[in-house]
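Q: Dropping the structure in here first, questions after.
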Amino acid sequence: MKRPSLLVAAVLALVAAGIAFGQFRGGRRYRIADNVPPPTELIVARWKYGTNGAIGHMGWSHNYPDAEMNLNEFIGRTTKVHVEDASFRLLELSSPEIFEYPFAYVSEPGEMELTEPEVANLREYIDRGGFILIDDFDTWHMDNLREEMLRVFPDRVFERLSVDNPIFDLVHLVEDLESMAPYTQGPAPVYYGLVNAAGHIAVVACHNNDLANFWEWYGSPQYPLRPATDAFRIGTNLLVHSMTH
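Just so we're on the same page, this note's numbering is the position in the sequence shown counted from 1, plus 1211.
So this is what it looks like as structure tokens:
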């Protein structure tokens, strides 16, 4: 798996996140048609799984590509990582090209019904050092995610992550994982982790939350500045983890 050349010391040379955040451009922007990202140090992979599950719509596509563009802009403004807004790529989960990108984003896992090639790819990706952020789901979606991941790793289970886990303060300090507005008006957000063969966190699942909604719609009244900023901070921390763990 190719990894960008990342110097942690350079990543930690930050500007004030709040100032940079205020300089963003808001709202939806142009769509990327050619799916060819610029040759930057960082490229975020968005995975497209082959089935749509019980709901029957394209859950993998939620917030794409605006969420990726805004996250990349935040990373570019608050770190020394070489990235452009368009540094992302859409990939089939069954494709061998997923191994070229150490950070992958997956939306709506309640929609997933993995094919056998996808199961095999996912297993190899995780144990070769890849990292996956699973986002945008609540309630019974977690049950479906657990069932699908047991097909990938029958001997591994998700464990709840606390805010004290080092993964949440690699670059930006996140003080409270429950401070963000919940996915619905129900339970507070909960973060779960799944490890790879080396014992490192390789999957983070954001239950009762939707980080990508905050990334895409951070300027809207329903996504206030504080929780939206925390969503960008969490995304940046997890992405740096994918490059350094």
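We put the CB at the ideal spot given by N, CA and C, even for glycine.
(1) Could you give the residue range of the alpha helix (DSSP H) that holds W1258?
(2) Based on DSSP bridge pairs, tell me the residues matched to I1345.
(3) Assuming R1257 and Y1316 make a contact with CB atoms under 8 Å, what is their CB distance in whole Å?
(4) Opposite Y1403 in the DSSP bridges: which residues?
(5) According to DSSP, is F1364 helix, strand or coil?
(6) On the three-pair Cβ rule with 8 Å, is the region 1329-1346 touching the region 1399-1419?
(7) Buried or exposed for E1358, going by 16 or more other Cβ atoms inside 10 Å?
(8) Based on Cα-Cα distance, which residue from S1373, P1313, V1294, H1293 lies nearest to L1302?
(9) Let's test the definition: count the other Cβ atoms within 10 Å of the Cβ of V1377 and tell me whether it reaches 16, buried, or not, exposed.
(10) Under 8 Å by Cβ, that's how I've got F1342 and S1453 pegged, so tell me the actual separation to the nearest angstrom.
(11) Smallest Cα separation from S1373: which of Y1403, D1347, H1352?
(12) From the DSSP output, in three-state form, read off R1300 for me.
(13) I need the DSSP call for T1350, collapsed to helix, strand or coil.
(14) Can the beta-carbon of P1432 be found less than 8 Å from the beta-carbon of S1390?
(15) Return the first residue and the last residue of the alpha helix (DSSP H) that R1339 is part of.
(16) Which class does P1377 belong to by DSSP, given the choice of helix, strand or coil?
(17) Locate the alpha helix (DSSP H) running through S1453, then write down its first and last residues.
(18) What's the call for N1246, buried or exposed, on a 16-neighbour Cβ count within 10 Å?
(19) Could you give the distance in angstroms between the alpha-carbon of F1469 and the alpha-carbon of L1384?
(20) Which first and last residues belong to the alpha helix (DSSP H) in which G1205 is found?
A: The answer reads as follows:
(1) Reading the sequence shown from its first residue, position 47 is the one you call residue 1258. From DSSP, W1258 is part of no alpha helix (DSSP H) but of the beta strand (DSSP E) over 1255-1259.
(2) In the sequence shown, counting from the first residue as 1, residue 1345 sits at position 134. Bridge partners of I1345: V1317, A1416.
(3) Numbered from its first residue, the sequence shown carries residue 1257 at position 46. Numbered from its first residue, the sequence shown carries residue 1316 at position 105. 5 Å between Cβ atoms; contact.
(4) Position 192 of the sequence shown holds residue 1403. Answer by DSSP bridge pairing, in chain order: R1371, A1416.
(5) For the purposes of this step, residue 1364 is taken as the residue at position 153 of the sequence shown. Note: F1364 maps to coil in three-state DSSP.
(6) yes
(7) For the purposes of this step, residue 1358 is taken as residue 147 along the sequence shown, with counting starting at 1. Exposed: under 16 other Cβ atoms inside 10 Å.
(8) One-based indexing of the sequence shown puts residue 1302 at position 91. When each option's Cα is compared against that of L1302, the closest is P1313.
(9) Taking the sequence shown and counting its residues from 1, the one referred to as residue 1377 is at position 166. The sequence as given places Pro at residue 1377; Val does not occur at that position. Per the 10 Å Cβ criterion, exposed.
(10) As a working mapping, residue 1342 is identified with position 131 in the sequence shown. As a working mapping, residue 1453 is identified with position 242 in the sequence shown. Right, their Cβ atoms sit about 3 Å apart.
(11) On the sequence shown, residue 1373 is found 162 positions in, with the first residue counted as 1. Out of Y1403, D1347, H1352, Y1403 has the C-alpha closest to the C-alpha of S1373.
(12) The residue you call residue 1300 lines up with position 89 of the sequence shown. If DSSP states are grouped into helix, strand and coil, R1300 belongs with the strands.
(13) As a working note, residue 1350 is residue 139 in the sequence shown. T1350 falls in the coil class under three-state DSSP.
(14) Residue mapping note: residue 1432 aligns to position 221 of the sequence shown, counting from 1. Residue mapping note: residue 1390 aligns to position 179 of the sequence shown, counting from 1. The answer is no: Cβ separation not under 8 Å.
(15) For the purposes of this step, residue 1339 is taken as the residue at position 128 of the sequence shown. Here R1339 belongs to no alpha helix (DSSP H), and DSSP marks it neither H nor E.
(16) Numbered from its first residue, the sequence shown carries residue 1377 at position 166. DSSP places P1377 within a helical segment (H, G or I) once states are collapsed to three.
(17) Taking the sequence shown and counting its residues from 1, the one referred to as residue 1453 is at position 242. From DSSP, the alpha helix (DSSP H) with S1453 extends over 1436-1455.
(18) Mapped onto the sequence shown, residue 1246 falls at position 35. It counts as exposed.
(19) No answer is possible for residue 1469: it lies beyond the span of the chain, which begins at 1212 and ends at 1456.
(20) This structure cannot settle anything about residue 1205, because the visible part of the chain is limited to 1212 through 1456.
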